[in-house]
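Notes follow the structure.
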Amino acid sequence: MNTIISNIEPYLGGNTIQDIYIALGMFVVIYLAVWILKHQVLARLSVFTKNSKMKVDDMVVQILDGLGTPFFFIVALYASVQHLQLPSIVTKLINGVFLLMMVYEVIKVLEKIIVFFLSRNLAKGTEGRQISAVITFAVRVVLWSIGLILILSNLGINVTSLVASLGIGGIAISLALQNILSDIFSSFSILIDKPFKEGDFIIVGEHKGEVKHIGLKTTRIQALQGEEIVISNNELTTARVQNFKQMKQRRIVFSLGVTYDTPVTKVKKIPTIVKKIINDQKDVKFDRAHFKEFGDFSLNFEFVYYLKSNEYSVYMKTQQAVNLEIMEAFEKEQIEFAFPTQTVYVAKGE
């Protein structure tokens, strides 16, 4: 037996049979240990996730479940041959494969984390999926570029010129696509911050209408007249936007004037009359009614109430009902509405 071993050892590259046995034993132990550890952790996490409403633990389970046999094999192989004397090309090959596998798994983990946060923070509609796909693709390109540079650098390849070329190319592309990139990043801001979403009625400067589509570069608004308004996303993020869809209730202020010859007793009754009319309407909350001022040709009153709806058509119908009932009540009380008049006094000469 000793003779066989002595005849074999010269071909083992400076390693003994015992070193080989130790390496094989370490490989099996490490492989089994990592495999068992994965399944034990997965089993415990699976039980925990069934009773948990958090989504983070589901993501952790997906990450662990994605670690397969190739990963365990390379980890066990890399760890078990560290004490062996191997040809430099074999050592480089094992180190390169190990690094490639680690970079691959790290990139997969980072992708899952990014997709997880995108799915939580971006809109669920079509535009949200579009933006999520673009961000995911851009992140993958960046991660794999960094991973490739890291692998090449560890394999002894000079990547300085490659990094410099990528940097110069990136600057040139960003300058050429400055406006487009500005709109794209603005669309990210809109979908993450959610100042408005599809279906909201907004006013931007002199434009107003319902948001129909939020794209990568532009947002399309359907105006009240029916035409479609296309506004760049960069303009939307830098302008003041009024979003009426987010309004829980509408504050309504209106005024009316009566003639100066209206008796004081009837002037005193006007706030009470209008208050009753407003309170009789559906989904309204009366706020105040006041004899506001002596106008140039009328006694002016101001009324305020809240409508528990953000729909413009509901507001118009309610205000129309209030106006009609005020006209009926004033006609019954013989109170006259004022209109612009001018009184001329003529002095009689002696």
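Taking my numbering, I'd label the letters of the sequence shown as residues 4 to 353.
A virtual CB, placed ideally from N, CA and C, is assigned to each residue, including glycine.
### Message
Considering only their Cβ atoms, is the gap separating Leu310 from Gln1 smaller than 8 Å?
### Response
Lying before the first or after the last residue shown, residue 1 is absent from the chain, which here runs from 4 to 353.
### Message
Relative to the C-alpha of Trp38, which candidate in Val267, Glu328, Met29, Leu70 has its C-alpha closest?
### Response
Of the candidates Val267, Glu328, Met29, Leu70, the one whose C-alpha sits nearest the C-alpha of Trp38 is Leu70.
### Query
Using DSSP with H/G/I as helix, E/B as strand and the rest coil, what is Asn282?
helix
### Task
Using beta-carbon positions only, say whether Ala292 and Val277 come within less than 8 Å of one another.
yes
### Message
For Arg143, which residues in the same chain have their Cβ closer than 6 Å to its Cβ, ignoring the five residues on either side in sequence?
### Response
Correct list: empty, nothing qualifies.
### Environment of Val109 [buried if 16+ CB atoms lie within 10 Å]
exposed
### Task
Rank Ser189, Val325, Val261, Tyr24 by C-alpha distance to the C-alpha of Lys220 and give the top, closest one.
Ser189
### Task
Return the residue from the list Arg243, Gly298, Met250, Gly150 that minimises the CA-CA distance to Tyr263.
The shortest C-alpha separation from Tyr263 is found at Gly298.
#### Entry: Coil, strand or helix - Phe294 by DSSP
strand
### Query
The beta strand (DSSP E) spanning Leu310 covers which residue range?
302-310
### Message
Measuring straight from C-alpha to C-alpha, what distance separates Leu40 and Met105?
### Response
So the alpha carbons of these two residues sit roughly 18 Å apart.
### Task
Look up Phe119 in the DSSP assignment and say whether it is helix, strand or coil.
helix
### Pair within 8 Å by beta-carbon distance, Tyr315 and Ile281
no
### Query
Is the distance from the Cβ of Phe300 to the Cβ of Thr241 below 8 Å?
no
### Query
Among Val207, Val261, Ile217, Leu27, which one has its Cα closest to the Cα of Lys197?
Ile217
### Query
Going by C-alpha distance, which of His42, Asp22, Leu80, Met330 is nearest Ile33?
When each option's Cα is compared against that of Ile33, the closest is Leu80.
### Task
Please state if the CB of Asn237 and the CB of Asp203 are separated by a distance shorter than 8 Å.
No. Outside cutoff.
### Query
Taking just the CA atoms, how far does Trp147 sit from Leu103?
11 Å
### Task
Please determine, among Gly260, Val349, Val347, the residue with the shortest C-alpha to C-alpha distance to Asn326.
For Asn326, the nearest C-alpha among the options comes from Gly260.
### Query
What residue range is occupied by the uninterrupted beta strand (DSSP E) comprising Phe204?
204-207
### Task
Take Phe74 and list the residues in its own chain whose beta-carbon comes closer than 8 Å to its own, dropping the five residues that flank it on each side.
Met104, Glu108
### Task
May I ask you to report which of helix, strand or coil DSSP gives Ala126?
Residue confidence for Ala126 is low, a pLDDT of 48 falling below 50, so the modelled location carries little weight and cannot support an answer.
### Task
Flag Arg143 as yes when its Cβ comes closer than 7 Å to any non-hydrogen atom of the ligand FMN, and as no otherwise.
As presented, the structure is devoid of all ligands, the ligand FMN included, so that no description of it is given.
### Message
I'd like to know whether the C-beta atoms of Ala26 and Leu87 end up nearer to each other than 8 Å.
### Response
yes
### Query
How big is the Cα-Cα spacing for Ile273 and Val287?
19 Å
### Query
For Lys215, which residues of its own chain have a beta-carbon under 6 Å away from its beta-carbon, when the five flanking residues on both sides are left out?
Arg223, Gln225
### Query
What does a CB cutoff of less than 8 Å around Phe304 pick up in its chain, not counting 5 residues either side in sequence?
Apart from sequence neighbours up to five positions away, the residues of its chain that approach Phe304 with a beta-carbon distance below 8 Å are Ser258, Leu259, Gly260, Val261, Ile273, Pro274, Val277, Ala292, His293, Phe294, Lys295, ordered along the chain.
### Task
Check the DSSP bridge columns for Gly212 and list the partner residues they point to.
Ile205, Ala226
### Task
Starting from Gln249, trace the beta strand (DSSP E) both ways and give me its first and last residue.
Counting along the chain, Gln249 falls outside any beta strand (DSSP E), and DSSP gives it neither H nor E.
#### Entry: Start-to-end residues for the beta strand (DSSP E) that takes in Val233
231-235
### His42 versus Asp22: straight-line alpha-carbon distance, rounded
30 Å
### Task
Indicate whether Ile232 and Gly212 have their beta-carbon atoms separated by less than 8 Å.
yes
### Query
Skipping 5 residues on each side, what residues in its chain have a beta carbon closer than 6 Å to that of Val317?
none
### Message
Can you tell me which residues form a DSSP beta bridge with Ile255?
### Response
Tyr308
### Collapsed DSSP secondary structure at Thr430 in the structure displayed
What is shown of the chain runs 4 to 353, which leaves residue 430 out entirely.
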